[in-house]
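> Before I ask anything, here is the structure I am working with.
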Amino acid sequence: MELNEIYEVEKKFDAEIEAVAALAELETIRVKYLGKKGYITDIMSKFREVPADQKKEFGQKVNALKNKIENKIEETKLALEQKAIEAEINSTEMFDYSLPVDTETGSLNPRTIIQKQVVDIFKNMGFVVEDGNEVETDYNNFESVNVPKSHPARDTQDTFWLSNGQLLKTQTSAAQNRILRTYGPVCKVIFPGRVFRNEQLDARHENTFFQLEGVVVGKNITVANLIYFEKAMLKALFKKDIEVRLRPGFFPFTEPSYEMDAKCPFCGGRGCQTCGGSGWIELCPCGMIHPNVLKMAGIDPDEYNGFAFGLGFDRLVMIRTNLDDIRHLNSNNLKVMSQFKTKM
Amino acid sequence: MKISINWIKDYVDLSGIEIDELVKRFNLSTAEIEGVEVKGADVQNVVFGKVLKVENHPESNHLHILKVDVGDEVVQIVCGAPNVYEGMVTAVCKVGGQVCAGKIKATKLVGVDSCGMCCAEAELGIGSDDDGIMDIKEDVQIGADIKSVWPVDDVVLEIDNKSLTNRPDLWGHYGLAREFAVIFDRELKKMPLDDLKAYDKLPEIPIQIETENCFRYSSVSVDNITAKKSPREMAIRLNYAGMRDINLLADLTNYVMLDVGLPMHAFDNKIVDGINVIESDGEIQMTTLEGEEHRPPKGAVLISDKNKEPVAIAGVKGGLKSGISDDTNSVLFEAAVFDSTAIRKSARTIGLITDASQRYEKSLDPEMTPIALARILKLLKDIDSGVKVTSRLSDCYKKKYDKKTIEFDPKFIGKIVGEDISKEFIVKTLKALEFGVKEKGERLEVEVPTFRATKDVSIKEDLVEEVARLYGYDNIKPAPLAFDAAPQNLIKSIEYEYDTKLMLAEKYNANEIHSHIWNFEDFNKSHKIDTKSYVSLLDSSNAGQSGIRSELLPTLIRCLDENKNNYDSVRVFEIGRVVSGLDDENICDEHKKLAILFASQKKTEFELFTELKTAIVDIAKNLMGIDVELDKGDTVPYLHPVNSFRVKSRTADYGYMGVIHPEVKKATDKRFNVVGLEIDFDKLANTVAYARKIKSVSKYQAVEIDYNVVCDKTLIYSELQKKLSKFKSKIMLGYSLVDIYQNEQTLGDKKSVTLRFTLCSQDHTLSGEEIEKFRADFVEYITRNGLEIRG
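Protein chains in written order, with the working numbering: chain C, 362 to 705; chain L, 219 to 1009.
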């Protein structure tokens, strides 16, 4: 065995490693030089034949060659891997990142969306949220809320009377008596619901629409409280300070009764389409609960009092959505209704 | 209702107050003003002119060439009015002036110079007559501006009638003037009236009231009326207030209605010389002043003459026969108050809602009748000095309102308003509103004026409103409510409603609809949907449907039907109410239901069915914590008899779901596969939820083994589960369904159900022996139970 042989192997390796183009070839080379039957093993096996004086140098040379081969293979492997990734990257086709995506989802009736927002505000203010039937008795809908027998609202022209003597509730107030009895005499309750009026339909009138009504009952409640409360509620609803004004109104279930107008949040009171040019939006009929209503709910009006207010959902929806025809809200027109999605 | 500020100013001095301020304060204190119209602003430089010469236009067969004296000059005007004649005095808009239609310039009409325009009433906005130019009979100075003689300039406010519903006193200018007087702290002048006492010696008109629905009937008769036309000022006011001038007597009754607030009527005294107020028997026919035939309903109040011949529908409209005409010179004036409900009913039934009936509906004050008569006599005598009153005040006062007094502590007002309102302010305000106020120590005794006592004011809370509205709501400082930290009760069925809707919309791509509560009978019939309606509307003219629905799903099928041509997939839902029947006391049994409908032209019925089942199980389980499952049982006739099932939990039955009946499908649209669900939402939401608990997780590796269990094709999965339920193994965590394979050639009437078993131990890694033992046990169990394992 001669040192020469080591140089031969090294030369051969240098040539072969130089020519490697793929990782698989590299493995072949590794086996060929470093494997159990490879050149290095082969050389090492001849160690015995090396003269004693050359053994040291021989050993050193073989070890050096082995290290060199190992390092070179590792180095080449990294380089080839790097190349392979580059090749992969270079051969990658770019996506058409501009393609449209499908975000299709179902939809909620816009009333549901607004109702959720409004109800959340009242919940934050500590209100109980209640519900009520749609078919009601004369007593609940009229008598218990102080609507006298001869009141025009009781005419068939305004009320859908039913064959069994009941009626479709004309106002959310129909639930007031039950709610005051359940929660009174100290309570804060809202009760959104669907109401019905025997009216002809047009773009601004529906016979079926949504309202929200609320009552606050306790001791020493004042008109000043009512104004404060309405301002706070409208501020939360429109997310800005809203100027309000109270005007005298007339409802049998409140005394005094008011119409609460909000300074138009869209034009700031200058007059626009939404407010019909007046600068004010009639939003909230309200008033101090009539003592007869409290009495009929078993609450002593000399000890307790409170206020009640209404909010027309459909009006809010029309304002918020620019919907031009109220009839859509009760329609099966999915072309319109499916546009609302689930948030607003 | 339209009100004229000139008219108001007859009764209260409003000088120094801008219109804007007037409107604002009235809005805040009394009623809503919906519009402000400045009258006369567009009438400029219109003078009285005299037509000197009328010549035919050479090129036109309807135009005339006029020479008109307009005071300072004679101008040539080309005019098309048919009524023009030489010597006529008319209104002339000079060049540079303006009428409602626009500015007047010198121009050529069919080749002839025209310098000005002769005007019709309508062109000046002061009347309704536009048949010809004004033929002015009054003694006027030629060349004078019409505005210097006639009250053309005025401001008209339009008040929202609805906001006057509870204020019968505000349906006339005098009552409104009282409000302005109080708002602006000015004096309310007295209304000029004739002295009725002067006629006490004259004969009485016989009046009888034979109905409960007439409070009071008062009358006076007058003879020798020669004037036919109303003075211009009165005519203009009537027009500005939204009425037309007709003839003196008709105008007078209208004027007094708008003045005092009480409708009046004038009968021809030659035809009507006595009054009987009766009720209709439902048969009597009447021809009204307009010549229309009406049959007043039974019980409607009628005015008849002494012979019980009806001459007017009380409070609504006069009759033709007894009506006044241009040559009437002797009349009987009616001033009466009828029951508000009775008048409303007869007006609505007949379909004649008039200025009079609108006012009577508001419960007018019977104390007004002599005032209205004294007022009309005063006006008539001022216009026509030769008239002769031929009867005394003839008055039948059948029903009187009780005098209303309210005693209260004035501090109550401040307590409710939340402001410190002084007793002095309260007393002053109430007195100005003509309430009688007596101080009784610290307390006040207040007497309600009759014109507010018919229904409006009766309790101390009503007085809070009177004082507060004049105190000014904008003067009230908002004050927060007392703090209350009590947590509020949440009602599950309400809380879950929104969450359910959101889940259906966002996870199941469904659209929420709100449908009417009607039972769409025709649709249901034509679509073979057999559903009941337990209660119907008495008047269905506006609803278009007569019954109330008992089920919600048919409405969704209707929704599909209306959208089937626009979509190949329709997914809709609704949470709504239905009437499921009547209870023993005939009260509706109402339920809040959830209905869902999935329809598709691409998906199979089974795919849709599975999606729908997923949705309801998902909602029940993941939202509400309730396990629901389907079970065999009767559903509804419009669902498939085989593939429709009950939706149940262990404790309750909520409703049903399934494929729609082939007949309904055929009637709707064969292209669509349709599945639907309807459940009682309240019942589901109120079911007690199970407690959600976390299972402990083993740290040792689990092993999964699949078995193909072969069983009869008809064996449903839940039955297979039952068969497997007795198999017990300590290391089995559970199993799940992977696949169901059916192939007639290889399996015949059997099917292969692939189940994946998960094996694991809490305390060690499973050994090969343990797994082998499980295999052996399971195979043995399967064969023992008449099943087999394949492959």
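Built from N, CA and C at the ideal position, the CB exists for glycine as well.
When DSSP labels each residue in this structure, what does residue 986 of chain L get in the three-state scheme?
Looking at residue 986 of chain L - three-state DSSP - the assignment turns out to be helix.
> State the DSSP-derived secondary structure class of residue 554 of chain C, mapped to helix, strand or coil.
Looking at residue 554 of chain C - three-state DSSP - the assignment turns out to be strand.
> Per DSSP, which residues does residue 256 of chain L bridge with? Please list them.
Note: residue 256 of chain L sits in a beta bridge opposite L:373.
> Apart from the five residues just before and just after residue 636 of chain L, which ones in its own chain have a Cβ nearer than 6 angstroms to its Cβ?
Only 697 meet the Cβ criterion.
> How is the alpha helix (DSSP H) around residue 777 of chain L delimited, first residue to last?
Element bounds for residue 777 of chain L: 771–781.
> Just confirm the distance between the C-beta atoms of residue 702 of chain C and residue 466 of chain C, as a whole number of angstroms; I'd bet it's less than 8 angstroms.
6 angstroms between Cβ atoms; contact.
> So is residue 768 of chain L buried or exposed if we call it buried at 16+ other beta carbons inside 10 Å?
Residue 768 of chain L is buried by the Cβ-count criterion.
> Within a Cβ cutoff of 8 angstroms, which residues of the same chain sit near residue 353 of chain L, ignoring the five residues on either side of it in sequence?
Only 301, 306, 307 and 308 meet the Cβ criterion.
> Measuring CA to CA, which of L:275, L:289 and L:291 is closest to residue 297 of chain L?
Checked all of L:275, L:289 and L:291; the closest Cα to residue 297 of chain L is L:275.
> Below 6 angstroms CB to CB, which residues in the same chain sit around residue 872 of chain L once its five sequence neighbours on both sides are set aside?
Hits under 6 angstroms: 865, 897, 898, 901 and 902.
> Mind pulling the chain C residues with CB within less than 7 angstroms of residue 239 of chain L?
None at all; the shortest Cβ gap to chain C is about 15 angstroms.
> What's the call for residue 263 of chain L, buried or exposed, on a 16-neighbour Cβ count within 10 Å?
Looking at its Cβ environment, which holds 16 or more other Cβ atoms inside 10 Å, residue 263 of chain L is buried.
> Please name the residues in the region 727–740 of chain L whose beta-carbon is closer than 8 angstroms to at least one beta-carbon of chain C, in chain order.
Residues 727, 728, 729, 730, 731, 732, 733, 734 and 735.
> Compare the Cα-Cα distances from residue 709 of chain C to each of L:660, L:506, L:702 and L:809 and report the closest residue.
Since the displayed chain C opens at 362 and closes at 705, residue 709 of chain C lies outside it and no answer follows.
> Between residue 727 of chain L and the rest of its own chain, which residues show a CB-CB distance below 8 angstroms, the 5 nearest in sequence each way excluded?
If we look at residue 727 of chain L and ignore the five residues flanking it on each side, its Cβ neighbours are 789.
> What whole-angstrom Cβ distance do residue 951 of chain L and residue 977 of chain L have, given they're in contact under 8 angstroms?
Correct: roughly 7 angstroms between the Cβ atoms.
> Would you report the Cα separation of residue 682 of chain L and residue 651 of chain C, rounded to the nearest angstrom?
Between residue 682 of chain L and residue 651 of chain C, the C-alpha separation is close to 12 angstroms.
> Tell me whether residue 503 of chain L is buried or exposed, calling it buried when 16 or more other Cβ atoms sit within 10 Å of its Cβ.
With fewer than 16 Cβ atoms within 10 Å of its Cβ, residue 503 of chain L is classed as exposed.
> Sort C:505, C:488, C:496 and C:494 by Cα distance to residue 655 of chain C and report the nearest one.
Residue 655 of chain C has its Cα closest to that of C:505, out of C:505, C:488, C:496 and C:494.
> Starting from residue 1006 of chain L, follow the alpha helix (DSSP H) in both directions and report where the run begins and ends.
Taken as a continuous stretch (DSSP letters only), residue 1006 of chain L belongs to no alpha helix (DSSP H), being part of the beta strand (DSSP E) at 1006–1008.
> Identify each residue in the region 255–282 of chain L for which the Cβ-Cβ distance to at least one residue of chain C is less than 9 angstroms, and report them in chain order.
Hits within the stretch: zero.
> Which of helix, strand or coil does DSSP assign to residue 522 of chain C?
In the structure shown, residue 522 of chain C sits in a strand (DSSP, three-state: E or B).
> Roughly how many angstroms separate the alpha carbons of residue 685 of chain C and residue 773 of chain L, rounded to a whole number?
Distance between the alpha carbons of residue 685 of chain C and residue 773 of chain L: 24 angstroms.
> Taking the CB atoms as reference points, tell me whether residue 547 of chain L and residue 464 of chain L lie closer together than 7 angstroms.
Taking 7 angstroms as the Cβ cut-off, residue 547 of chain L and residue 464 of chain L do not qualify as a contacting pair.
> Could you give the C-beta distance for residue 294 of chain L and residue 333 of chain L, rounded to a whole number, given that I count them as a contact under 8 angstroms?
With 8 angstroms as the limit, residue 294 of chain L and residue 333 of chain L qualify as a contact, their Cβ atoms being about 6 angstroms apart.
> Out of L:416, L:255 and L:519, which one is the CA nearest neighbour of residue 428 of chain L?
For residue 428 of chain L, the nearest C-alpha among the options comes from L:519.
> Between L:633, L:739, L:965 and L:919, which lies nearest to residue 586 of chain C when the distance is taken from Cα to Cα?
Closest option to residue 586 of chain C, Cα to Cα, is L:633.
> Within 10 Å of its beta-carbon, does residue 407 of chain C have 16 or more other beta-carbons around it, so buried, or fewer, so exposed?
Exposed, by the Cβ-count rule.
> Is the distance from the Cβ of residue 959 of chain L to the Cβ of residue 970 of chain L below 7 angstroms?
Yes; because the gap between Cβ atoms is below 7 angstroms, this pair is in contact.
> If distances are taken between C-alpha atoms only, which option among L:532, L:400 and L:770 comes closest to residue 649 of chain L?
Of the listed residues, the one whose Cα sits closest to residue 649 of chain L is L:400.
> Counting only Cβ-Cβ distances shorter than 7 angstroms, please list the residues of the region 317–340 of chain L near chain C, keeping chain order.
If the cut-off is 7 angstroms between Cβ atoms, the region 317–340 of chain L has nothing near chain C.
> Pull up the CB-CB distance for residue 1012 of chain L and residue 878 of chain L, whole angstroms please, since I reckon it's below 8 angstroms.
The structure shown does not extend to residue 1012 of chain L, since chain L is modelled only from 219 to 1009, so the question has no answer here.
> Given a cut-off of 7 angstroms on the beta-carbon distance, is the pair residue 811 of chain L and residue 770 of chain L in contact?
Their beta carbons are under 7 angstroms apart, which means residue 811 of chain L touches residue 770 of chain L by this criterion.
> Could you tell me which chain L residues have their CB closer than 7 angstroms to the CB of residue 477 of chain C, listed as they occur along the chain?
The contacting residues are 716.
> Kindly indicate which residue of C:437, C:485, C:414 and C:692 has the alpha-carbon position closest to the one of residue 374 of chain C.
Ranking the options by Cα distance to residue 374 of chain C, first place goes to C:437.
> Checking the sheet assignment: what are the DSSP bridge partners for residue 646 of chain C?
According to DSSP, which records beta bridges pairwise, residue 646 of chain C is partnered with C:620.
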